[in-house]
Amino acid sequence: MKLKTVRPRKSLRTILMMWLLMFAIVPLAFITGYSLVKYERAIDQELVQRLIGNSREVQVIIQEFQKDLNQRTASNANDKSLIYYLSSNSISQARELATKWMKSHFTHHLSIFNREGRLEVALYRDAKGAIQRQSNLEGADVYLSEKFRERAKNENQLSIIEFTSDGALDLIVFSKITTASGVLVGYIEEILRIDQGFISSLKNRLNLELVFFSTEGDKLVSTHEDLTHYRQGFFLDKFKENKRTLFDLNIRD
121 MKLKTVRPRK
131 SLRTILMMWL
141 LMFAIVPLAF
151 ITGYSLVKYE
161 RAIDQELVQR
171 LIGNSREVQV
181 IIQEFQKDLN
191 QRTASNANDK
201 SLIYYLSSNS
211 ISQARELATK
221 WMKSHFTHHL
231 SIFNREGRLE
241 VALYRDAKGA
251 IQRQSNLEGA
261 DVYLSEKFRE
271 RAKNENQLSI
281 IEFTSDGALD
291 LIVFSKITTA
301 SGVLVGYIEE
311 ILRIDQGFIS
321 SLKNRLNLEL
331 VFFSTEGDKL
341 VSTHEDLTHY
351 RQGFFLDKFK
361 ENKRTLFDLN
371 IRD
């Protein structure tokens, strides 16, 4: 005699509970997943806006430095006392005047050239903030480059940015020095250095890593060592390829 296997049947209550759970969990899972995606997008968007805002802030700071340096150099180039000293070859008086200027403004280097482009006054600010003289260069065989002298024929003022070997940015301004009648008597060069100390303070204040690179892409200054190991021209190529201002980078903490 064979015994029939009796399979337990699910009660209507159990079936209803399972369907209720399914209808409750599936929408909840969908809503949770959707919320996570939206949250991640919101975080990404907030990060993008923050990066753009910080980028603009750094840009404004550099532009203000450049603007102030341009105005100050132009004012010094038009100083009547300086024009007279150069016209009369009174170099020591011109040096005293330049030293006075450097004490009242935070210029890192100030150089004055005669009408032939020879360096006559060479002053710099040392690590302690004191004004020092490079007497070994003054009146020696040191001349303003022919390139700048040629450009100065058509421009009263030239502004450039140079990357230094010790990881700083030099904002440089050249101005012609002319008499009221337009006679050339010399040139003045002033340099404002944005050093690693200032760049690091920006990093800490904005809580981000900074990298500045030249328009040719061959030079850069950075707050993180990893960023200096990217191949030459990497950042410039990235901007050209993506046609946008944002892209991902991997660096160590």
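Final position of the sequence shown in my numbering is 373; the numbers increase by one with none missing.
Glycine is no exception: its CB is placed at the ideal position from the N, C-alpha and C atoms.
Determine, using beta carbons only, whether S279 and N190 come nearer to each other than 9 Å.
yes
DSSP three-state label for H229, please.
strand
Is the Cβ-Cβ distance between A288 and I251 less than 9 Å?
no
Exposed unless 16 or more other CB atoms sit within 10 angstroms - verdict on T193:
buried
Relative to the C-alpha of F268, which residue among F233, D290, F355 is closest?
F233
Return helix, strand or coil for V262, following the three-state DSSP convention.
coil
Nearest-angstrom Cα separation, counted from L347 out to N274
39 Å
Distance, Cα to Cα, Y307 vs S295?
6 Å
Please name the residue, chosen from S175, E236, N256, M222, that lies closest to Y244 on a Cα-to-Cα basis.
M222
If you check the beta carbons only, do I182 and L291 fall under 9 Å apart?
yes
Straight-line CA distance for L239 to K248?
25 Å
Would I203 be called buried (16 or more neighbouring beta carbons within 10 Å of its own) or exposed?
buried
Once you ignore the five residues that flank R235 on each side, which residues in its own chain have a CB closer than 6 Å to its CB?
L304, V305, G306
Is S231 closer than 9 Å to E309 when the C-beta atoms are compared?
yes
Output yes or no for whether 9 Å exceeds the beta carbon distance between E258 and A242.
yes
Report back the beta-carbon spacing between D338 and Q352 to the nearest angstrom; my notes put them in contact at under 8 Å.
5 Å
Between which two residues does the alpha helix (DSSP H) carrying G317 extend?
316-326
With a threshold of 16 other CB atoms inside 10 Å of the CB of L312, please say whether the residue is buried or exposed.
buried
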